[in-house]
Amino acid sequence: YLYRNGKFGFFFKNMMAASKEAGQFIKQFIDADFFSKEGYMAGIVDSFEQLDQCQGAIRCIVALAHDLGYPLKKIQKVNKSILKILPHFAISNFDEFKFTYNTSQLPFIEKFLEFISLDFVIYFFERHSKKCAQIIEQTFSYNAEPDGAGLMINKEELERLSEDERDMLEAAISPRINILKKMSNYLRYSDDFEQQQHGILSSFLLNKKLWFFKNIPFAYEKAEELNRQHVDFHKVFAGTTILSAIADHTSDGFRIKAMNNPSALLAVVDELEEFSRISRANQNRQYINQFCRTDLYNNDNWLCIDFIFDNPEITNLNPEKAFRGRCKRFLSLFDIPELDESIKIRLRCLSQLPDNRSEYVLEISKNYANIAVNGVEQDIPQYLHSRQFYAKDELGENSARRQ
Numbered sequence: 016y017l018y019r020n021g022k023f024g025f026f027f028k029n030m031m032a033a034s035k036e037a038g039q040f041i042k043q044f045i046d047a048d049f050f051s052k053e054g055y056m057a058g059i060v061d062s063f064e065q066l067d068q069c070q071g072a073i074r075c076i077v078a079l080a081h082d083l084g085y086p087l088k089k090i091q092k093v094n095k096s097i098l099k100i101l102p103h104f105a106i107s108n109f110d111e112f113k114f115t116y117n118t119s120q121l122p123f124i125e126k127f128l129e130f131i132s133l134d135f136v137i138y139f140f141e142r143h144s145k146k147c148a149q150i151i152e153q154t155f156s157y158n159a160e161p162d163g164a165g166l167m168i169n170k171e172e173l174e175r176l177s178e179d180e181r182d183m184l185e186a187a188i189s190p191r192i193n194i195l196k197k198m199s200n201y202l203r204y205s206d207d208f209e210q211q212q213h214g215i216l217s218s219f220l221l222n223k224k225l226w227f228f229k230n231i232p233f234a235y236e237k238a239e240e241l242n243r244q245h246v247d248f249h250k251v252f253a254g255t256t257i258l259s260a261i262a263d264h265t266s267d268g269f270r271i272k273a274m275n276n277p278s279a280l281l282a283v284v285d286e287l288e289e290f291s292r293i294s295r296a297n298q299n300r301q302y303i304n305q306f307c308r309t310d311l312y313n314n315d316n317w318l319c320i321d322f323i324f325d326n327p328e329i330t331n332l333n334p335e336k337a338f339r340g341r342c343k344r345f346l347s348l349f350d351i352p353e354l355d356e357s358i359k360i361r362l363r364c365l366s367q368l369p370d371n372r373s374e375y376v377l378e379i380s381k382n383y384a385n386i387a388v389n390g391v392e393q394d395i396p397q398y399l400h401s402r403q404f405y406a407k408d409e410l411g412e413n414s415a416r417r418q
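Heads up: the sequence shown runs through residues 16 to 418, numbered per the numbering used here.
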């Protein structure tokens, strides 16, 4: 609903922008006859186009499979529940269900963690002389438009180059794709696996069971010399994107800077979708349709999220307690100092219960966070009972220091 609804296009305008930009950038070289229309780099462009076509499938798989790891996470709660029941049956000796991976599985786990931590970097230019640097500077310009290719070839300047200058430029262009292992991601995923976070366990289950992940063409001798004949890039990109998105949505260290990949999309949508049904599992022999109603809309390019508490049939509702929980999660999930300027969120918990008519508001944008209750601004650390979070004025001060 969110992604395909044009009303929210402002929020997702940077989705997969990096791969689109890279594909458009390479295509310029092909159109300018620097690369063959059927060569290695043309194949890379084709991979980016196929990856773009796969985005719907990627979102679908991520949505369907992101909670598959829940059963293992719930084992501890099951054990506690059983321990409470058994004494009534005069059972005193009980061994909790526990599990460990044996040593033969450790290499697979390590390679799995390495695989979802991979990124790929495209290098275009070899080391070049000062003269060549001047040619590159005058031949390329930067396009900051969201749908642009970023660095663009200035065709008019290209046509003005002499034959020697063009030969020098062609000699400097030596594209290659290198594997980049993000160590911070690897350590974060390793910790998630150790903590049995259900996101990383869901990814692990997919990787173990689906034919797709078992048969991705991905072989190389040197990380800096990936050969397209042995690497099906769009399948590798799709695979790492799916697994990392599912792992990220429960990863403590994951932070959103922009809505530019499925990881960010899943984390936000999962928070919105699950919040309105938090209490369903707590009902005893009673089906409650929803914890609260949800309303999503665009107000001057702010993503507005209203959680409306208006069902008096649900007992023990505490909208303010629920609001505090959402504040803590959103202020932890978004990297506010580094947030893309297109991300502006206004979250409201509206209590319309007979004994509580209140409005709780959280606003988040770049270098800005604010909490207000019935129109009165709150000191964020004090309101959330935690110094983990910056106060409103501290966010601005930290931004000024960095600049």
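C-beta atoms are modelled at their ideal positions from N, C-alpha and C, and glycine is treated no differently.
Bear in mind that the values here come from a model prediction, so they are computed numbers and not experimental data.
- Non-local C-beta neighbours of Tyr85 in its own chain, meaning closer than 7 Å and more than five positions away in sequence, comprise His213, ordered along the chain.
- Buried is the label assigned to Glu36, since at least 16 other Cβ atoms lie within 10 Å of its Cβ.
- Using a Cβ-Cβ distance cut-off of 8 Å, the segment 66-78 and the segment 244-256 are in contact, since at least three pairs of beta carbons, one from each stretch, lie closer than that value.
- Here Pro334 is not near Ile73, since their CB atoms are 7 Å or more apart.
- The C-alpha of Asn20 lies about 16 Å from the C-alpha of Asp315.
- Only residues of its own chain outside the window of five on either side were considered, and among them Phe140, His143, Leu184, Ala187 have a CB closer than 8 Å to the CB of Ile151, listed in chain order.
- Cβ contact annotation for Leu128 (same chain, cutoff 8 Å, sequence separation greater than five): Tyr201, Tyr204, Ser205, Phe208, in chain order.
- In the same chain as Ser266, and ignoring 5 residues on each side of it, the C-beta atoms closer than 8 Å to its own belong to Arg203, Tyr204, Asp207, Gln212, Gly214, Ile215, in chain order.
- A residue is called buried when at least 16 other Cβ atoms come within 10 angstroms of its Cβ; Tyr138 does not meet this threshold and is exposed.
- In the three-state DSSP reduction, Asn331 falls in the coil class, being neither helix nor strand.
- No Cβ-Cβ contact shorter than 7 Å links Ser199 with Ala262.
- Scanning its chain for C-beta atoms nearer than 6 Å, with the 5 sequence neighbours on each side dropped, one finds around Asn385 the residues Glu378, Lys407, in chain order.
- If you draw a straight line from the Cα of Glu374 to the Cα of Pro327, it comes to about 17 Å.
- Boundaries of the beta strand (DSSP E) harbouring Val388: 383-388, taken from the DSSP string.
- Spatial neighbours of Arg361 in its own chain (CB-CB distance under 6 Å, excluding positions within 5 residues in sequence) are listed in chain order as Trp317, Cys319, Glu378.
- Beta-bridge partners assigned by DSSP to Phe349: Ile271.
- Rounded to whole angstroms, the Cβ separation of Ala282 and Leu348 is 6 Å, and the two are in contact under 8 Å.
- Considering only Glu353, Gln403, Arg339, the residue with the shortest C-alpha distance to Ala387 is Arg339.
- Per DSSP, Asp310 lies in no alpha helix (DSSP H) segment; the continuous beta strand (DSSP E) that holds it begins and ends at 308-313.
- In the DSSP annotation of this structure, the continuous segment of the beta strand (DSSP E) that includes Ile320 starts and ends at 318-324.
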